[in-house]
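One structure is given below, encoded as structure tokens.
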């Protein structure tokens, strides 16, 4: 039964990899293989690559100082943070808000089995984020320190312990969010606020990471002794990776005990939370004056309503609303110094600073993806826009407009800041404004295009279209790839053209691409939407 | 009002609706009868422009649905068998959204919302999010939204499922009143008693093919349909 439920959930998550919604049939085997390869490349190539580099920079020095345990404390800590960061916001939705909770609870399936299936899903999601840190960390350690039976067995055990810790953290936080949500109004915004504080802390440490690592490597023995003295548990945790059987046994027992406790606490409230309507008190209806809006305005308001009603949607697809202007502020404060340093580093390639500024801005465009799942999020309500007297292209343009408003306005501020601090010629400054803006327009249109081509309408948990669909992966990591190509191509050959011509070409390409995509959305895209 | 000619809709190799023709005139309550999977919902969805069909023509008020979809949809309202509404909206926000789409002036919409919400005893719940509504409340909200813009044609898929007896009675009265004013109603049901008491005309569909159209008396008088009625009564 558990296997059956888990299969159902995973089929939903990875449905777009196996099933072509447009053609209403299973994908061909080569197409499925391509999708899986794409997924593996993203997770192993991009995330795994990043953490392999980090492992290589830390492992050698710490192992030489006989402090391999500190290496595992650091890498394990990062894996726990990343795993919890990646899955915590979905735990509440996945556990308690799944639309098929009522159906499953009405079937002769033990509640524990339903909970276990949901938790296994959370476990796999957390593992998906923590394993790209842990696997390279272990591999690098085994290469540097050498392979022994105890190191391999305890290393694998450490990997299991960490993924279970991520699951426990996600469950506890998801449970806390659920309890708070039952009592609060405006819970979406409060959840977003709490999450933003979490993210702010995450980025604070992320930006400080280089300094911290440098400091740590220089004073490894001092910190090591301090940790051993003040937090012996952490020392033991690190010792597992080094092949310490006692430490492994203690942590395995503690993790098992904690898991049992969390299971006990959650199973006591699961049915009550999962079946609660979540209302604090009934809101009294008071008739208010209304104004007649145009169909487009009504659709736009509806799309904004959809976006702001879900903390999950806002956090996973709208972080750029804050991060893009934050980059603008950062540029105003530190931009000139950054530009001077970059100018010196890339003195042989004039114009690189402007291109790198554009690259940063383009990369941040990927943080706003609200147009991508907007078609899928219609779900079973799709009959409403399809039966109303509005053209499909108006519906799609409303979806697009939300992203354009929430991306282009912050981007305008950021590009003006970048242009101001760049110290470049007038033409380059102008392109510093135009290029990221046209790219943001192009990427928003591309997001909607992919959303229409790869719809996921039969979801039971909104996390599936918002976070786990192939469409979202393509748009987020695609933007990173294109931004990297923008910088890489300039450093390789583009500098010969000069920044003005190079950025003008990218601006023109983005503009032409935007026009083509807009034309497609208005015609073929609208037809595809009508045919869903 | 609604003219369906030679409608055919396939799902893969299977014909869900096969060469179906129907004509619904102003003032008619037209019942569409058939057992589960007979092709009722597919026909209704095709008639309101939600489902693309393989062959045939559908006109609403003389306008071709494929050529002028927006004009056709302005003249109709649709209530699906399962009222999956926008759960993130409150009831009143949903009604205002529908009113905006149909361009209903503020004063007129407020008067209608007041009237129908009071009739269905939903006024006190209009500020609540739709996610907190029961199935019946969602159905009532869908009915109110359908009646907001005085559509010429109302298409409903099993409209009485989920409604309490009082609301069902009210809906039947509203349907009669709507047709007495010159509107038309096309609805599906598999409850013979509802069709018998309410409809001016009925059509019976079986395995995608229309097997009989006429008044309830004409249809019931056809001995060859005895088996069909037995099947429906068994459901």
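Chains as they are written, first to last, in my numbering: chain P, 1 to 532; chain L, 1001 to 1235.
Note that beta-carbon positions come from the ideal geometry of N, C-alpha and C, so glycine has one too.
These numbers come from a predicted model, not from an experiment.
- Taking 8 Å as the threshold, the shortest C-beta distance from residue 1161 of chain L to chain P does not fall below it.
- Counting only runs of at least 4 residues, the region 433–515 of chain P fully encloses the following alpha helix (DSSP H) elements, listed from N- to C-terminal order: 470–492.
- In the displayed model, residue 1015 of chain L falls within a strand according to three-state DSSP.
- Separation of residue 346 of chain P and residue 487 of chain P (C-alpha to C-alpha, rounded to the nearest whole angstrom) is 12 Å.
- In terms of Cβ geometry, residue 301 of chain P and residue 101 of chain P do not form a close pair [threshold 8 Å].
- A residue is called buried once 16 or more other Cβ atoms fall within 10 Å of its Cβ, and residue 378 of chain P is buried on that count.
- Counting along the chain, the unbroken beta strand (DSSP E) around residue 1212 of chain L starts and ends at 1209–1214.
- One Cα belongs to residue 221 of chain P, the other to residue 58 of chain P, and the distance between them is close to 14 Å.
- Between residue 1096 of chain L and residue 1149 of chain L, the alpha-carbon positions lie close to 11 Å from each other.
- As the crow flies, the alpha-carbon of residue 1159 of chain L is around 23 Å from that of residue 458 of chain P.
- Sequence-ordered contacts of the region 1060–1081 of chain L with chain P read 1069, 1070, 1071, 1072, 1073, 1074, 1075, 1076, 1077, 1078 and 1080 [C-beta pairs closer than 9 Å].
- Collapsing the DSSP output to three states places residue 309 of chain P in coil.
- Legend: CB atoms of the region 125–138 of chain P lying less than 9 Å from CB atoms of chain L are not found in any residue.
- Judged by pairs of C-beta atoms under 8 Å, the region 1110–1127 of chain L touches the region 283–302 of chain P, as three or more such pairs exist.
- Within chain L, the residues 1048, 1049, 1050, 1073 and 1078 have their CB atoms less than 7 Å from the CB of residue 387 of chain P, given in chain order.
- Residues of chain P with a Cβ closer than 8 Å to the Cβ of residue 1105 of chain L are, in chain order, 292.
- Within chain P, 381 and 384 have C-beta atoms less than 9 Å from the C-beta of residue 1085 of chain L, given in sequence order.
- Annotation for residue 293 of chain P: no residue places its beta carbon closer than 6 Å to its own, counting only its chain and skipping 5 residues before and after.
- Taking 8 Å as the cut-off, the Cβ atoms of residue 1008 of chain L and residue 1047 of chain L do not count as close.
- By the CB criterion at 8 Å, residue 490 of chain P and residue 308 of chain P fall outside the cutoff.
- The C-alpha of residue 130 of chain P lies about 17 Å from the C-alpha of residue 467 of chain P.
- With a cutoff of 8 Å on beta-carbon distance, residue 394 of chain P and residue 295 of chain P are scored as near each other.
- Interface residue (Cβ-Cβ distance to chain L less than 8 Å): residue 403 of chain P is not classified as such.
- The C-alpha of residue 249 of chain P lies about 39 Å from the C-alpha of residue 107 of chain P.
- Bounds of any beta strand (DSSP E) do not take in residue 1181 of chain L, whose DSSP letter is neither H nor E.
- For residue 1102 of chain L, the C-beta contacts it makes with chain P under 9 Å involve 295, 388 and 389, in order along the chain.
- If you compare the alpha carbons of P:164, P:137 and P:134 with that of residue 121 of chain P, the shortest gap goes to P:164.
- Bridge partners of residue 1078 of chain L according to DSSP: L:1155.
- When only Cα atoms are considered, residue 1022 of chain L and residue 1066 of chain L end up about 17 Å apart.
- In its chain, beyond the 5 residues on either side, 1060, 1063 and 1065 have a beta carbon closer than 6 Å to the beta carbon of residue 1072 of chain L.
- Remark: C-beta atoms of residue 231 of chain P and residue 161 of chain P do not approach each other more closely than 8 Å.
- Contact between the region 368–375 of chain P and the region 400–415 of chain P is present, with at least three C-beta pairs closer than 8 Å.
- Interface criterion met: the Cβ of residue 1089 of chain L is under 8 Å from a Cβ in chain P.
- Where residue 1202 of chain L is concerned, the enclosing beta strand (DSSP E) starts and stops at 1201–1206.
- Cβ neighbours of residue 1025 of chain L within its own chain (closer than 8 Å, five residues either side excluded): 1001 and 1184.
- When secondary structure is reduced to three states using DSSP, residue 1005 of chain L falls in the strand class.
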